[in-house]
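Report on the following structure.
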Amino acid sequence: MRVSVSVLLLHVHGLPKLLHWSVEVQRIEDPFNLGGTLTLGLAVFAEVICPVLLILGVWARLACLPILAVLAVAVLFVYPQWSVEQGQFAWLLIILFAGLALTGPGPFVLGRSLRHH
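With the first letter of the sequence shown counted as 1, position 116 gets the number 115 in numbering that gives the first Met the number 0; the numbers rise by one all the way through.
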């Protein structure tokens with residue numbers, strides 16, 4: 000589950016932001032007035048770096064926290080008018096990443112492989 004949900008977040012949200020930085024920095028929602036560059040940087044960290052860490056199983060529980068923060072900002076501050084139906088993808092991701100944060104990465108992780116060699 001951690002790999003599939005991380006690949007989904009990376010593919011749908013993270014990589015498009017990273018690959019189209021100059022366009023995304025102009026259009027990203029900035030609910031806390033941090034500036035487009037910082038806001039996009041935080042989003043890319045949460046949607047690119049953290050999913051990669053999760054895929055590898057490295058610092059998995061910790062890597063869920065920035066993802067959950069970005070998702071919470073999206074549903075609570077950027078799109079508060081969304082109904083549950085409109086925000087179902089975000090809510091589903093919140094449920095999945097919260098579950099991963101609580102349960103951990105499972106038995107197949109890079110960290111354990113490196114410790115045994």
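Just so it is clear, CB atoms sit at the ideal spot from N, CA and C, and this is done for glycine as well.
Note that the coordinates shown come from a computational prediction; the quantities given were computed from them, not determined experimentally.
Tell me whether the beta-carbon of P65 lies closer than 8 angstroms to the beta-carbon of A45.
-> Yes, Cβ-Cβ distance for P65 and A45 is below 8 angstroms.
Confirm, please, whether the CB-CB distance from A62 to A73 is below 8 angstroms.
-> Between A73 and A62, the CB-CB gap reaches or exceeds 8 angstroms.
With DSSP as the reference, label F88 as helix, strand or coil.
-> Residue state, collapsed to three classes: helix.
Can you give me the Cβ contacts of V77 inside the same chain, cut-off strictly under 6 angstroms, excluding the 5 residues immediately before and after it?
-> These residues qualify, in order along the chain: E28 and P30.
If we call anything under 8 angstroms between Cβ atoms a contact, is L53 one with S5?
-> Result yes, Cβ atoms of L53 and S5 sit closer than 8 angstroms.
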